[in-house]
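Student:
Number of protein chains: 2
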Amino acid sequence: MTPTEKCISGTIIILLIIADTLYSIADNRKTILVTGGGGYIGSHTVVELLNRNYSVVVIDNLSNCYARNPSEKPESLKRVEDLTGRGVVFYDVDIRNTAALEKLFQIHSIDAVIHFAALKSVSESVEKPADYYENNVAGTNNLLQVMKKHKVYCIIYSSSATVYGEPEFLPLTERHPTGQKLTNPYGRSKYFTEEILKDITATNSEWRVILLRYFNPVGAHPSGSIGEDPFDIPNNLMPYISQVAVGRRSKLNIFGSDYPTKDGTGVRDFIHISDLAVGHLRALKKIFSNKFKGWKVYNLGTGKGYSVLDMVKAFERASGRRINYEFTKRRPGDISAVYADASLAKRELNWKAEKGIDEMCEDTWNWQRRNPNGYR
Amino acid sequence: MTPTEKCISGTIIILLIIADTLYSIADNRKTILVTGGGGYIGSHTVVELLNRNYSVVVIDNLSNCYARNPSEKPESLKRVEDLTGRGVVFYDVDIRNTAALEKLFQIHSIDAVIHFAALKSVSESVEKPADYYENNVAGTNNLLQVMKKHKVYCIIYSSSATVYGEPEFLPLTERHPTGQKLTNPYGRSKYFTEEILKDITATNSEWRVILLRYFNPVGAHPSGSIGEDPFDIPNNLMPYISQVAVGRRSKLNIFGSDYPTKDGTGVRDFIHISDLAVGHLRALKKIFSNKFKGWKVYNLGTGKGYSVLDMVKAFERASGRRINYEFTKRRPGDISAVYADASLAKRELNWKAEKGIDEMCEDTWNWQRRNPNGYR
């Protein structure tokens, strides 16, 4: 680089930093309501929101996050406050409770909602579909009605790659059909809610909706003070692996070793939770931009597929511990390989996942090692 | 026919009549909860239920049927009582009202639910999707939860051919894909509810669910004392035609004259409301049969497609009046031709539509002429 080029590139960097700071300052008056903010993805997103100077109001019904006492601020959010040095307003409120929501929208002037609150276990959804439709679908519909009444028209919705069903092609772009061959009520509840959110944008041009389709969130905040803390036997791979590593469970069951993948185990697009959380910040920036209208959908994934065995090996490297595992038969409804085309989020949100599987495993292990029993 | 053949055939007929009577007697202790029983399809079905000696409990929120005073029995049901000489228990209850439903299931020992209650206007659903998802989807989910709590596991659901979306082939069989390319929230609310009902059957083998996909119900009870009575400007063809005939409206707008059909107007499978009502009786018989389990779906249509102009002409014949009409452009989301393959209902329910378009028009006209302002 010539001195002139260095000067130009230096100036550009400085201008970018100034622009970014101005953006933060401009946005620090904005108040974001985070539903389900006590949970795994919610709490990590609240960290990023607070670091960006947003005011944050969290509601959570505490059905899937630990609080020492009923109605108390969940442990995860207390740790978020310690981590960021900022406060979070918390209410023990269920999204189905219209009266409580109404009150909250009266007290706080909300600029946008990031809506995580949902039941999320595939297997439980098969046993209790009505609970899933009530919480996830009817609950969201209720939230939308209250938002409309209070003229809050911005919402970022926590959707899932599960809405794609069995992939017709890979990597999955946002144009892949959705809602076909879904194998469980959880997936249907996410799909139905997406459709409801799209429909609502047709009623009033003020609505701004972003649907974020998550692939497989794993990892934990690098500090190790917050992470994933399932109440029961984990449904997902990473918390299971880490509980085996820390000695809470004796071995990992790997469902299926005969998938048409490189090593026979299922392939997923694992994404670090901090990358995913930052995706929400970028979506907020987008949704508040002048040009935005109607609805948009973005995949949040890395674009890379790793097998279950890849993850086991990476976790062994990260933790220095051996993970006992056993192959068992495929679970009905499981798909052999799922991974994202994440290029739309790169183009339109200026977002891409930065962290690889080693960091995912290191941060998971760091969290698990420091908190062998989660938040308890 | 030889005398022996005559004797055999006579004996068979007598045996059939005896079997049918025994069936009625056996079933006359059964109590059917009819949701939305004050409406068009509901009230005609209640007539058939009462004629078959079922005990009938109706709930309706009176949002789309006329009652002289709030909470009073709707006019349609008073006429049903006059027609049949039997009483109907009525409650002004909304399916979203859990407490009221609970009470009702405590008071009455319900054997099966026929679930009509729903919002049904395509155009309104585009303007107010949240109302449609709340009433139709969340409302049904709520009803199912209360049913489960009170161990009532039989439900016949009022679905629609709209769940098929744009036909990939005609006539539409029950195997035609559903949920694809649905163009409005009303259709999605019917599709989502079908999926919820299917999911619920996987939770407990006691559930018995029949989904009835209606084509285009028209006509009125032959007595002319009950019929279709839209509150506002009719959304459907037949009440519109008949209001033009009776002078309540000046002319009929025909949406689209350039469809790829025999005369350029849309083709639908019109079915007489009395035939449709009887379809529910056959579905009840099926759902109470020992072998029945899980869920089944049946088209209720005639299997014949008639164009809008066919219906206009038939109505002119039936009423002896000229129907003024004007062609206007297609409505977005309207489909050129839709008609049923109704053979599954024939095979499995022993049901088929008996009445043709002349009877549909004569009975509509009879109702309209006697009640130019509906029930008011």
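Note that the protein sequences, when read in sequence, are chains A and B. By my numbering, the letter at position 288 of the first sequence is numbered 286, and the numbering carries on one by one without gaps. By my numbering, the letter at position 338 of the second sequence is numbered 336, and the numbering carries on one by one without gaps. Here a beta-carbon is modelled for each residue, glycine too, at the ideal position from N, C-alpha and C.
If we ignore side chains and look at the alpha-carbon of each, how far apart do Ile93(A) and Leu298(A) end up?
Tutor: Here residue 93(A) corresponds to residue number 95 of the first sequence, with the count starting at 1. Here residue 298(A) corresponds to residue number 300 of the first sequence, with the count starting at 1. About 25 Å.
Student: If the cut is a Cβ gap below 7 Å, which residues of chain A does Ile194(B) touch?
Tutor: Sequence index remark: in the second sequence, residue 194(B) carries index 196 (1-based). Those are Pro127 and Tyr131, listed as they occur along chain A.
Student: Taking contact to mean 3 or more Cβ pairs, one atom from each stretch, closer than 8 Å, check whether the region 215 to 232 of chain B and the region 356 to 365 of chain B are in contact.
Tutor: Cβ pair count under 8 Å is three or more, so yes.
Student: Under 8 Å between the Cβ atoms of Arg280(B) and Asn371(B)?
Tutor: Numbered from its first residue, the second sequence carries residue 280(B) at position 282. Numbered from its first residue, the second sequence carries residue 371(B) at position 373. No. Outside cutoff.
Student: Residues of chain A with CB closer than 9 Å to the CB of Asn139(B), please, in chain order.
Tutor: As a working note, residue 139(B) is residue 141 in the second sequence. Per Cβ cutoff of 9 Å: Pro127, Ala128, Tyr131, Glu132, Val135 and Ala136.
Student: Mind checking the region 211 to 237 of chain B against chain A and listing, in chain order, the residues whose C-beta falls within less than 7 Å of any C-beta there?
Tutor: Of all residues in the region 211 to 237 of chain B, none has a Cβ within less than 7 Å of some Cβ in chain A.
Student: Which residue comes first and which comes last in the alpha helix (DSSP H) that contains Ala275(A)?
Tutor: On the first sequence, residue 275(A) is found 277 positions in, with the first residue counted as 1. First-last of the alpha helix (DSSP H) with Ala275(A): Ile271 to Ile285.
Student: Just the chain B side, please: which residues come within less than 8 Å of Asp332(A) by C-beta, in chain order?
Tutor: Residue 332(A) sits at position 334 when you count from the first residue of the first sequence. Ordered by position in chain B, no residue passes the 8 Å Cβ test against Asp332(A), which lies about 17 Å from the chain.
Student: Quick check on the DSSP output: the beta strand (DSSP E) that includes Leu375(A) runs from which residue to which?
Tutor: No information on residue 375(A) is available, as it lies outside the stretch -1 to 374 that chain A covers here.
Student: So Cys152(B) is in the beta strand (DSSP E); what residue range does that whole segment cover?
Tutor: Within the second sequence, numbered from 1, the residue matching residue 152(B) stands at position 154. Per DSSP, Cys152(B) belongs to the beta strand (DSSP E) from Cys152 to Ser158.
Student: Return the chain-ordered list of same chain residues with a C-beta closer than 8 Å to the C-beta of Gln143(A), the five sequence neighbours on each side being excluded.
Tutor: Along the first sequence, one-based indexing puts residue 143(A) at 145. The residues are Thr96.
Student: Just how far apart, CA to CA, sit Phe290(A) and Leu31(A)?
Tutor: Stepping through the first sequence from its first residue, residue 290(A) is reached at position 292. Stepping through the first sequence from its first residue, residue 31(A) is reached at position 33. C-alpha separation (whole angstroms): 20 Å.
Student: Which two residues bound the contiguous alpha helix (DSSP H) that contains Ile355(B)?
Tutor: As a working note, residue 355(B) is residue 357 in the second sequence. Unbroken alpha helix (DSSP H) run through Ile355(B): Ile355 to Arg368.
Student: Using 8 Å as the cut-off, can you tell me whether the region 186 to 204 of chain A makes contact with the region 203 to 216 of chain B, which would need three or more C-beta pairs spanning the two stretches below that distance?
Tutor: No: fewer than three Cβ pairs fall under 8 Å.
Student: Alpha carbon to alpha carbon, how far is Thr43(B) from Gly34(B)?
Tutor: Within the second sequence, residue 43(B) is the residue found at index 45, counting from 1. Within the second sequence, residue 34(B) is the residue found at index 36, counting from 1. Approximately 11 Å between the Cα atoms of the pair.
Student: By Cβ distance, which residues of its chain are closer than 7 Å to Lys147(A), with the 5 residues on each side in sequence left out?
Tutor: Translated into the one-based positions of the first sequence, residue 147(A) becomes position 149. For Lys147(A), where only same-chain residues beyond five positions count, there are no Cβ hits under 7 Å.
Student: Run through DSSP, which three-state label would Ala110(A) get?
Tutor: Position 112 of the first sequence, counted from the start, is the residue given in the question as residue 110(A). DSSP places Ala110(A) in strand when its eight states are reduced to three.
Student: Does the beta-carbon of Cys5(B) have 16 or more other beta-carbons within 10 angstroms, so that it is buried, or is it exposed?
Tutor: Within the second sequence, residue 5(B) is the residue found at index 7, counting from 1. The residue is exposed, with fewer than 16 neighbouring Cβ atoms inside 10 Å.
Student: Is the region 338 to 346 of chain A close to the region 246 to 260 of chain A, with three or more CB pairs under 8 Å?
Tutor: These segments do not touch.
Student: How far does the beta strand (DSSP E) with Ser53(A) in it reach, from first residue to last?
Tutor: Counted from its first residue, the first sequence places residue 53(A) at position 55. Ser53(A) -> beta strand (DSSP E) spans Ser53 to Ile57.
Student: Would you check if the distance between the CB atom of Pro258(B) and the CB atom of Ser317(B) is smaller than 8 Å?
Tutor: Position 260 of the second sequence, counted from the start, is the residue given in the question as residue 258(B). Position 319 of the second sequence, counted from the start, is the residue given in the question as residue 317(B). Going by C-beta atoms, Pro258(B) is not nearer than 8 Å to Ser317(B).
Student: Are any of the Cβ atoms in chain B nearer than 8 Å to that of Ile105(A)?
Tutor: The sequence position of residue 105(A) within the first sequence is 107, counting from 1. No, its Cβ sits nowhere closer than 8 Å to a Cβ of chain B.
Student: Keeping to the same chain, check which residues put their C-beta closer than 8 Å to that of Leu81(A); ignore five residues upstream and five downstream.
Tutor: Indexing the first sequence from 1 puts residue 81(A) at position 83. Val45, His219, Ser221, Ser223 and Ile224.
Student: What first and last residue would you give for the alpha helix (DSSP H) that runs through Ile198(A)?
Tutor: Locating residue 198(A) in the first sequence gives position 200, counting from the first residue. Note, Ile198(A): alpha helix (DSSP H), Pro183 to Thr199.
Student: According to the neighbour-count rule (16 or more other Cβ atoms, all chains shown, within 10 Å of its Cβ), is Ile285(B) buried or exposed?
Tutor: In the second sequence, counting from the first residue as 1, residue 285(B) sits at position 287. Label assigned to Ile285(B): buried.
Student: Give me, in chain order, the residues of the same chain whose beta-carbon lies closer than 7 Å to that of Asn233(A); leave out the 5 immediate sequence neighbours on both sides.
Tutor: Position 235 of the first sequence, counted from the start, is the residue given in the question as residue 233(A). Here the set comprises Ser119, Val120 and Ser121.
Student: Excluding sequence positions up to five away, which residues of its chain have a Cβ less than 6 Å from the Cβ of Leu307(A)?
Tutor: Here residue 307(A) refers to the residue found at position 309 when the first sequence is read from its first residue. Same-chain partners within the cutoff: Asp261 and Thr263.
Student: What's the gap between the Cα of Lys179(A) and the Cα of Ser158(A)?
Tutor: The residue you call residue 179(A) lines up with position 181 of the first sequence. The residue you call residue 158(A) lines up with position 160 of the first sequence. Spanning the two alpha carbons is a distance of roughly 15 Å.
Student: Applying the criterion that 16 or more other CB atoms from any shown protein chain within 10 Å of the CB defines a buried residue, is Asn202(A) buried or exposed?
Tutor: Looking up residue 202(A) in the first sequence gives position 204. Its Cβ having fewer than 16 others within 10 Å, Asn202(A) is exposed.
Student: Run down chain B in chain order and give the residues with a C-beta less than 9 Å from the C-beta of Arg186(A).
Tutor: Here residue 186(A) is taken as the residue at index 188 of the first sequence, counted from 1. Result: Phe190, Glu193, Ile194 and Asp197.
Student: In chain B, which residues lie with their C-beta within 8 Å of the C-beta of Ala98(A)?
Tutor: Position 100 of the first sequence, counted from the first residue, corresponds to residue 98(A). By Cβ distance, chain B contributes nothing, its closest Cβ being about 17 Å from Ala98(A), past 8 Å.
Student: Could you give the C-beta distance for His375(A) and Val55(A), rounded to a whole number, given that I count them as a contact under 8 Å?
Tutor: Here chain A has residues from -1 to 374 only, and residue 375(A) is not among them.
Student: Between the alpha carbons of Asp427(B) and Ser123(B), how many angstroms are there, rounded?
Tutor: Nothing about residue 427(B) can be reported from this structure: the residues present for chain B run from -1 to 374 only.
Student: Out of curiosity, what's the CA-to-CA distance linking Pro72(B) and Asn59(B)?
Tutor: Stepping through the second sequence from its first residue, residue 72(B) is reached at position 74. Stepping through the second sequence from its first residue, residue 59(B) is reached at position 61. Those two C-alpha atoms are separated by around 10 Å.
Student: Determine, for Gln143(A), whether the minimum Cβ-Cβ distance to residues of chain B falls below 8 Å.
Tutor: Stepping through the first sequence from its first residue, residue 143(A) is reached at position 145. Taking Cβ atoms only, chain B reaches closer than 8 Å to Gln143(A), which makes this a yes.
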